[in-house]
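Engineer:
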Amino acid sequence: MKYEKYDFAKTEKKWQTIWEEKQTFAASNDFTKPKFYALVEFPYPSGQGLHVGHPRSYTALDIVARKRRLQGYNVLYPMGWDAFGLPTENYAIKNHIHPEIVTQKNVARFKQQLQSLGLSFDWSREINTTDPNYYKWTQWIFLQLFKKGLAYKKMTTVNWCTSCKCVLANEEVVGGVCERCGSPVIHKEKSQWMLKITAYAQRLIDDLDKVNYIERVKISQKNWIGRSTGAEVSFSTTAGDDLLIYTTRPDTLFGATYMVISPEHPYLKKWADKIENMDAVKAYQAEAAQKSDFERTEVAKDKTGVELKGVRGINPVNGKEIPIFISDYVLMTYGTGAIMAVPGHDTRDWDFAKKFNLPIIEVVKGGDVEKEAFTDCETGIMVNSGFLDGLSVEEAKKAIVKWLEENKKGTPKVNYKLRDWVFSRQRYWGEPMPIIICDKCGYVPVPEEELPLRLPEVDSYEPTDNGESPLAAMEDWVNVKCPCCGGPAKRETDTMPQWAGSSWYFLRYVDPHNDQALASKEALNYWMPVDWYNGGMEHTTLHLLYSRFWHKFLYDIGVVNTPEPYAKRTSHGMILGENGEKMSKSRGNVVNPDDIIKEYGADTMRLYEMFIGDFEKAAPWSSASIKGCRRFIDRIWALQEILTDEEGYSKELESDFHKTVKKVSEDIEAMKYNTAIAAMMALLNDIQAKGSITKGEYKTLLLLLNPFAPHVTEEIWENQNFGGMLNQQSWPTYDESKCVDATVEVVVQVTGKIKARLQMPVDITKEQALAMAKENEAVAALIAGKTIVKEIYVPGKLINLVVR
RNA sequence: GCGGGUAUGGCGGAAUGGCAGACGCACCAGAUUUAGGAUCUGGCGGGCAACCGUGCAGGUUCAAGUCCUGUUACCCGCACCA
């Protein structure tokens, strides 16, 4: 029978409509079934529309989700919108349109684009972080953090973007400039809401052992938290006060030849009348404060500083007086803001000592401290160190810490690079902080029954020039009665950062319409944790860390029942432009998914994105290669012309089918989508070579391909009256014993060089196989007259005869 | 500087230490077609060959793209964290 050419446009539309009408992919609330929660990062609905990078992740987990449904799981695969954010707000400011309208428009476009890809999201659970019914619970979580003392307001030095006029988190400052707009970032003193993520630092490290994340994600999380162990040591000073320092190398204490404190160190004020060169110190402080992050990183290697005249430190191990400097290479935000400098064994101290002509003492043998600092901890032996002499670095660390504790000069100490999370933004398009500021009562939480605290309508979305949120200008909204004392009070006008809404969104999906709680206990207990979470490497530090922190907090207060939100985390590589560079408007190499779907169809687009290369690695787009996937689908369609009436597998293709079922099943789990598709293509080639396909074979092939190309497979299934809808069938199984062929090709090597390839029965014995190999003409000629010193036999694969 | 990653045909990429280049693109030849396109069949790392080929130099092994040591280039992240 001759079939019309496959009409993808008509067919894809047809099935997308059917799926939507029948709610085919809605997750069931039957909590007795085995569950599977698949999650992809919800997008920010930007004005540019969907990027071809988005579907790579979405299709990958769509394949897993569809496979799991065929395997009988109750699958939750949801989608939503992370819609607060600066680009929308900036667009609103420029065009005088309410950000809500802009968001609605962008969401509609994104949704239409996602639906045209045939992704099996449960749209009945769609969420939007800007929906008051959603951010009600973002605010509620914030209040719980506040009540537990984990949200607090504090004057801090913050990163200030000179163009956005907005406070940035440390994480949003990239190379000293604003991550979003590229303008220079300067330091500014401002009172900010902070979240105490540092209280969870150790648990955020330890619990990585409980989850299945790809290794590089774990490593970058650990590096970001930056745990180090060492000691705090107390140095007395000629000013009377003890100066506390932090070091990871207490073993080098005898090599400390000077000390450095941060320009912001509080002792500088305290010692003002003892320091003889206070003018020089003040000048340096002013200079350091004025430097933007950008300038600081630019001159990172060039050390500057001023020696304090009139105050000296005293090394506790030997009582020697040493000078104290101020320098901006010591940060007030880490450790105690003061260090002992050991130029012999620390590169930064060495640079500083060379510049200021300070003595360098070798206390660990193994390098040449005149040429460079010797920082190796593993091989060195202690010298010039009194009672530590002769010990290894490891032994010396233990010995000195013991000594410090006994003499009350210091204690062991763990430090983290991680800092508390600056949670305030002086912007309009974010969740309002549910806090009222009362002169009498201080910071008072908005009563929970008044949530959500809605964003008021404002006249202008622009932040004020003094850096206040546009909400500050709305006096009717700002002036309220204190819920505590009833007196006049003001609302907090800062809003939350974009990270807030995305730090718990996976919890809302399990019960998105609940107005009594962020989700019901039953739904949370059933669905959590997320079984498989896929997203970009760019979110492995911030989003992952923040959401794990919030989840742990919710666990501690009994809202969720798992200490970790995600059981498994994987990452996809970027899709690059055809020229191998990152896709961007300015480079002119952007591919629009709409164009691809229009020209080739969603199934081809999905297949191509999965076939493009190793899922975890970046891959360049190729508009030529996509044709191969289109041809594959057309050939799958054309198999209908050579379909026979037989059920089951044909003799010739039986092992081929078992092998392919195995391969595709395993490859999907390992995210090796490209080789899964290659295996199906190879199978198709074999079917075509044979010239016919049985019904049983076709059914298996369609089931295997369905998660990748859901429309065409569903259509053929219906066309051929295979019974029911394809998505209601069962995932095919394989029989390990049938994955082998009757004969195998065995390679015969002589001393490692391939000399022959022989067909052998699969169950041949070693002796028979070796005999067969030696009978081969080419092999016989080479071994004649020589001694075989070794015979290697790898069944079904290879024989190696080593001769001398 | 530190941490992570990558390097294989013309291109994207395959290879539990065991046949390097699966699968696809491009290309070449043939079939079909009035022609083009589409489709189908075959070929396709280099070399006439022996052989040589996985960034480079060594090593381990009967056997190395894969393991070890060193080295180069590129990509990503962090960047004075004591």
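Counted the way this note's numbering counts, the first sequence spans residues 296 to 1099.
We put the beta carbon where it would ideally sit given N, CA and C, even for glycine.
Since the structure is predicted, the reported quantities are computational estimates derived from the model, not experimental observations.
1) Which whole-angstrom value is the C-beta distance of Gly1091 and Val1057, which I expect to be below 8 Å?
2) To the nearest whole angstrom, what separates the beta carbons of Cys461 and Pro758, a pair I think is in contact under 8 Å?
3) Say whether the segment 518-534 touches the segment 849-858, bearing in mind that this needs 3 or more beta-carbon pairs closer than 8 Å, one atom from each stretch.
4) Checking the sheet assignment: what are the DSSP bridge partners for Ala914?
5) If you drop the 5 nearest sequence neighbours on each side, which residues of the same chain put their C-beta closer than 7 Å to that of Gln410?
6) Label Cys476 either buried or exposed according to how many other C-beta atoms from any shown protein chain fall within 10 Å of its C-beta, with 16 as the threshold for buried.
7) Rounded to a whole number of angstroms, what is the C-alpha to C-alpha distance between Thr1100 and Val741?
8) Using the C-alpha atoms, what's the distance from Arg607 back to Lys569?
9) Can you give me the start and stop residues for the alpha helix (DSSP H) that Ile1059 sits inside?
10) Beta-carbon within less than 8 Å of Gly639's beta-carbon, same chain only, minus the 5 sequence neighbours each way: which residues are those?
11) Check each candidate in Ser945, Ser755 and Gln935 and name the one with the smallest Cα separation from Pro394.
12) Do the segment 985-1004 and the segment 930-943 touch if we need at least three Cβ pairs shorter than 8 Å?
13) Val805: which of Ser478, Pro824 and Asn884 sits nearest, CA to CA?
14) So what does Trp1012 bridge to, in DSSP terms?
15) Could you pull the start and end residues of the beta strand (DSSP E) that Ile634 belongs to?
16) With a CB to CB cut of under 7 Å and the five nearest residues on each side skipped, what residues in its chain are close to Ile695?
17) Taking contact to mean at least 3 C-beta pairs separated by less than 8 Å, is the segment 342-358 in contact with the segment 838-850?
18) Note down the Cα distance separating Ala584 from Ser879, rounded to an integer number of angstroms.
19) Give the straight-line distance between the Cα atoms of Glu474 and Thr383, rounded to the nearest whole angstrom.
20) Given that a residue counts as buried once 16 or more other Cβ atoms are within 10 Å of its Cβ, and exposed if not, what is Thr706?
21) How big is the Cα-Cα spacing for Met869 and Trp916?
22) Run the CB neighbour count on Asn774, radius 10 Å, all protein chains shown included, and call it buried at 16 or more, exposed below.
23) Excluding the 5 residues preceding and the 5 following Ser680 in the sequence, name in chain order all residues of the same chain whose CB lies nearer than 6 Å to its CB.
24) Could you check the C-alpha separation between Pro340 and Leu381 for me, to the nearest Å?
25) Helix, strand or coil for Arg720 per DSSP?
26) Could you give the residue range of the alpha helix (DSSP H) that holds Val1074?
27) If you measure between the beta carbons of Tyr386 and Val397, is that distance less than 8 Å?
28) Roughly how many whole angstroms lie between the Cα atoms of Ala522 and Asp502?
29) Using the beta-carbon count (16 or more within 10 Å), is Gln811 buried or exposed?
30) How long is the line joining the alpha carbons of Ser1025 and Phe331, rounded to whole angstroms?
31) Assess, as a yes-or-no matter, whether the segment 743-753 is touched by the segment 795-802 under the definition of 3 or more beta carbon pairs within less than 8 Å.
32) Rank Gly831, Lys957 and Thr457 by C-alpha distance to the C-alpha of Asn761 and give the top, closest one.
33) Quick check on the DSSP output: what are the complete beta strand (DSSP E) runs of length 3 or more inside the segment 618-671, in order along the chain?
34) Starting from Arg290 and walking both ways along the beta strand (DSSP E), at which residues does that stretch end?
35) Under the three-state reduction of DSSP, which class applies to Asp537: helix, strand or coil?
36) With distances taken from CA atoms, which of Ser323, Met728, Leu356 and Pro338 is nearest Trp827?
Structural biologist: In short:
1) 6 Å
2) 6 Å
3) no
4) Partner(s): Ile870.
5) Gln311
6) exposed
7) A question about residue 1100 goes unanswered here, because the residues of the chain that appear run from 296 up to 1099.
8) 11 Å
9) Note, Ile1059: premise wrong, no alpha helix (DSSP H); not H, not E.
10) Here the set comprises Thr547, Gly550, Trp645, Ile655, Ile656, Glu657, Val658, Val659, Val664, Ala668 and Phe669.
11) Ser755
12) yes
13) Pro824
14) Looking at the DSSP assignment, Trp1012 forms no beta bridge with any residue, so it has no partner.
15) That run of the beta strand (DSSP E) goes Ala633 to Ala636.
16) Pro545, Asp546, Leu548 and Leu683
17) Contact between the segment 342-358 and the segment 838-850 is absent, because fewer than three Cβ pairs lie under 8 Å.
18) 36 Å
19) 16 Å
20) exposed
21) 10 Å
22) That one is exposed.
23) Phe549 and Val658
24) So the two alpha carbons sit approximately 12 Å from each other.
25) strand
26) Membership of Val1074 in the alpha helix (DSSP H) is indicated by the continuous run Glu1072 to Ile1078.
27) yes
28) It should be pointed out that residue 522 corresponds to Arg in this sequence rather than to Ala. Approximately 14 Å between the Cα atoms of the pair.
29) Here Gln811 is exposed, its C-beta having fewer than 16 other C-beta atoms within 10 Å.
30) If you take the alpha carbons of Ser1025 and Phe331, they lie about 16 Å apart.
31) no
32) Ranked by Cα distance from Asn761, the options Gly831, Lys957 and Thr457 are led by Thr457.
33) 633-636
34) Outside the shown range of the chain, which is 296 to 1099, sits residue 290, and nothing can be said about it.
35) strand
36) Leu356
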